Amino acid sequence: MSLIFPPAPVRITLFALACALIAWLSLAPGEDLPQALTFWDKAEHATAYLGLSLVGAWAFPNRLGRLALGLFLAGIGVEVLQSVMGLGRQGDPVDAVANSVGIAAGLGVVWAVRRLPGLRVR
686 MSLIFPPAPV RITLFALACA LIAWLSLAPG EDLPQALTFW DKAEHATAYL GLSLVGAWAF
746 PNRLGRLALG LFLAGIGVEV LQSVMGLGRQ GDPVDAVANS VGIAAGLGVV WAVRRLPGLR
806 VR
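So for the sequence shown, our numbering puts the first residue at 686; every next one is plus one.
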């Protein structure tokens with residue numbers, strides 16, 4: 686077992702927890718959100734989905750296309766849910782774009798790292 690690549694169930698569990706955290710932050714009523722998240726809203730979206738794409742690529746290193754599609758659909762789905770839930774949240778198409786930018790950036794980092802000489806991805 687490697688610290689960088691623990692068994693798949695561990696990586697998948699951590700990815701699922703990250704997804705659950707982002708879903709909660711995205712869908713919880715506005716007054717329930719931690720007040721520490723104060724920087725620009727679109728940067729928050731991009732950073733969250735960049736993180737999800739990195740953790741997802743770690744959990745599913747051979748399924749990057751499916752990961753990208755799933756995260757893209759989740760990013761749009763969250764915005765749709767925000768617009769219909771009536772919990773003080775507002776869906777925003779620009780937020781969905783920011784989510785997608787984060788996904789692309791994260792997978793771009795994965796692509797670049799995989800091209801480093803001597804790196805072997807499982």
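Glycine included, C-beta positions come from ideal geometry on N, C-alpha and C. As the structure is a computational prediction, the values presented were derived from the model and not from experiment.
Check	Outcome
For Gly760, the three-state DSSP class (helix, strand or coil)	helix
Length of the line joining the Cα atoms of Trp743 and Pro802	19 Å
Cut-off 8 Å between Cβ atoms - residues of its own chain near Leu749, not counting five sequence neighbours on either side	Ala742, Leu792, Val795
Option in Val779, Val765, Thr698 with minimal Cα separation from Ile731	The question names Ile, yet the displayed sequence has Ala at residue 731. The shortest Cα separation from Ala731 among Val779, Val765, Thr698 belongs to Val779.
Reduced DSSP category for Pro694 - H, G, I as helix; E, B as strand; rest coil	helix
Closest Cα partner of Ala733 within the set Leu772, Leu756, Arg751	Leu756
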